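> Provided herewith is a single structure, encoded as C-alpha cells, for subsequent inquiry.
In the numbering used here, the protein residues as written are 1 to 292.
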C-alpha cells in the first residue's frame, strides 16, 4: 500500500467507504506499526474497519471482545485443565509421576491460545481487533499496553513467546469511560462520525448494488432524519442496511407507498420499546415525506 489513497480505494473495493481522515490515520498506523484507536458512537462502522482491512490485506482477523471483568486468562492464554486432569490420571495408571508428568501437561499440547497470544503467533501479520476497549477494566488496559509495546507474552511454564510477525492492531471505543493518557499516546487516533449523505449513499450502493436510486435516496434521507430524533439507540450504518434489505425484500419502491409496512420495517432501526413509542406512524410518515 504505497499511499493512503490506494488504501482508501482498496477498502472501497471491499465495500467500506472510508473518509479521507480515516484512510490517512489507518495508512499511518500501518506504516509506523502503531495501534489505531477508533472512537465514535456505536454503529458508525468502527468494527467494520478491521474486518475490511483484513479482507483488503488478505490476512486473518483476530477479535478480542472486551467486557467488564475481562482478565489475562481469557484474553491471552489458558491451560486446558480438563485435558491436563485426564493426562495426570492416565500417567498415574502407567506409574508415571512427578517432573515427567508436570513437564508434559504444561506443554504446547495443553495450551489454549486466546486472541492476544494467537495474534502474535501467526506467520503472516493478522489484523488484531480489540473491540470496545472502554468496557474493560483499567487494570486490563494497563496489561494490554505491555503486550502492545513489545508484542511478547511471558508464559511461566514455557518462557517468553515473541511475535513471529507484528499484528496490525485496531482498538475501538464507544466512550463509556475515559481511556488512559498512556494508551492514547501509544496509538494513532481517529474519530469515526456517522457518514454524511453522499458517503452513506455510496455505502448503500456498494452493499446493495441493485437497489433503485430513488428508494436509496429516500432510505438514506429517512435514516439521517431519524438520527436527529430523541432516541435511546441511534440507528447506525448496519441498521440502515438492514432497513434497505427489508424494504427491497418486501418489494417496496417508495417509502410513502405503504405506511403500515414502513412502520413495520422500523424494527430494523428502532431497538428499544421507548424508541418505538417515540416514533409513531405519524412521525414515520412525516420523516418519509421529507426524505428524498
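Beta carbons are placed, not taken as given, at the ideal position from N, Cα and C, and that holds for glycine.
As the structure is a computational prediction, the values presented were derived from the model and not from experiment.
Using three-state DSSP, classify residue 6 as helix, strand or coil.
Residue state, collapsed to three classes: helix.
> In chain order, which continuous runs of the alpha helix (DSSP H) of length 4 or greater are located wholly inside the stretch 210-238?
Taking only runs of at least 4 residues, the alpha helix (DSSP H) segments lying wholly in the stretch 210-238 are 213-226.
> Just the Cα atoms here: how many angstroms apart are residue 291 and residue 18?
Straight-line Cα distance between these residues: approximately 24 Å.
> Mapping DSSP to helix, strand and coil, what is residue 113?
Three-state DSSP puts residue 113 in a strand.
> Can the beta-carbon of residue 40 be found less than 8 Å from the beta-carbon of residue 193?
Cβ atoms of residue 40 and residue 193: closer than 8 Å.
> Assuming residue 131 is part of the beta strand (DSSP E), what are its boundary residues?
127-131 is the span of the beta strand (DSSP E), which, as asked, contains residue 131.
> How many angstroms separate the CA atom of residue 304 from the CA atom of residue 267?
For the chain, the structure presents residues 1 to 292; residue 304 sits outside this window and is missing.
> Start and end of the beta strand (DSSP E) containing residue 190?
Element bounds for residue 190: 188-191.
> I need the straight-line Cα distance from residue 72 to residue 140, nearest angstrom please.
Cα to Cα, residue 72 sits roughly 7 Å from residue 140.
> Could you say if the stretch 151-159 and the stretch 126-136 meet the contact criterion of at least three C-beta pairs nearer than 8 Å?
No contact exists between the stretch 151-159 and the stretch 126-136.
> Please work out which residues of its chain come closer than 6 Å, Cβ to Cβ, to residue 105, disregarding the five sequence neighbours upstream and downstream, and give them in chain order.
Excluding sequence neighbours, residue 105 sits near 84 and 87.
> With distances taken from CA atoms, which of 138, 137 and 169 is nearest residue 151?
Per the Cα distances, 169.
> DSSP has residue 77 in a bridge; who is on the other side?
BP columns for residue 77 point to 113.
> Rounded to the nearest angstrom, what separates residue 255 and residue 153 at their Cα positions?
When rounded, the distance between both Cα atoms is 54 Å.
> Which runs of the alpha helix (DSSP H) at least 4 residues long sit entirely within the stretch 132-213? Give them in chain order.
Counting only runs of 4 or more, we get 138-150, 181-185 and 197-207.
> Thinking residue 270 and residue 276 are a contact (beta carbons under 8 Å), I'd like their distance in whole angstroms, please.
The pair is a contact, with the Cβ atoms about 5 Å apart (cut-off 8 Å).
> Give the straight-line distance between the Cα atoms of residue 48 and residue 289, rounded to the nearest whole angstrom.
Residue 48 and residue 289: Cα-Cα distance of roughly 31 Å.
> Only counting the same chain, and skipping five residues up and downstream in sequence, which positions put a Cβ closer than 8 Å to that of residue 80?
Excluding positions up to five away in sequence, the list reads 110, 111 and 112.
> According to DSSP, which residues form a beta bridge with residue 118?
Paired residues: none, contrary to the question.
> Looking only at its own chain, which residues have a Cβ that is under 8 Å from the Cβ of residue 186, when we skip the five neighbours before and after it?
Only 34, 35, 145, 148 and 149 meet the Cβ criterion.
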